[in-house]
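In numbering that gives the first Met the number 0, the protein residues as written are 0 to 88. Ideal Cβ placement from N, Cα and C applies to all residues, glycine included. No experiment lies behind these values; they were computed from the predicted model shown. Comments concern the structure below.
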Amino acid sequence: MELQYLVYGLVGIAVLYLVLKLLKWPIKIIINGIIGVITLYVANFIIAHLGLIGINTNFSLAINPITALIAGFFGIPGVIVLIIIGLFL
Numbered sequence: 000m001e002l003q004y005l006v007y008g009l010v011g012i013a014v015l016y017l018v019l020k021l022l023k024w025p026i027k028i029i030i031n032g033i034i035g036v037i038t039l040y041v042a043n044f045i046i047a048h049l050g051l052i053g054i055n056t057n058f059s060l061a062i063n064p065i066t067a068l069i070a071g072f073f074g075i076p077g078v079i080v081l082i083i084i085g086l087f088l
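Laid out in structure tokens, this is it:
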């Protein structure tokens, strides 16, 4: 009977390992998206309250899934590129 529980335990550990391995990328994308939203919010706050962009005082970055993932994956350079694109469009 103990051998049966040992086999069940090993199979359970193997299944848990495979599930965690498969969920690695979706979890990483979600975390990067959350970091991107926070970065965009901070950038909007700095632009609005410190007036760093004097050309257009009503400028703000859109916070949506695409811009959040860009900011999350590329960090500060991604936010700078989004600001430049926003200024030209």
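Original post:
When DSSP labels each residue in this structure, what does Ile62 get in the three-state scheme?
Top reply: Correct three-state label for Ile62: coil.
**OP:** May I ask you to report which of helix, strand or coil DSSP gives Leu88?
**Re:** coil
Original post:
Are the beta-carbon atoms belonging to Thr38 and Val78 less than 8 Å from one another?
Top reply: Contact: yes.
Original post:
How about the region 9-29 and the region 57-67: do they share at least three Cβ pairs that are nearer than 8 Å?
Top reply: no
**OP:** Please work out which residues of its chain come closer than 6 Å, Cβ to Cβ, to Ala67, disregarding the five sequence neighbours upstream and downstream, and give them in chain order.
**Re:** The residues are Gly32, Gly35, Val36.
**OP:** Pick helix, strand or coil for Asn57, following the three-state DSSP scheme.
**Re:** coil
Original post:
Alpha carbon to alpha carbon, what distance is there between Val14 and Gly61?
Top reply: It should be noted that the sequence gives Ala, not Gly, for residue 61. Computed Cα separation, rounded: 41 Å.
Original post:
Roughly how many angstroms separate the alpha carbons of Gly8 and Lys20, rounded to a whole number?
Top reply: 18 Å
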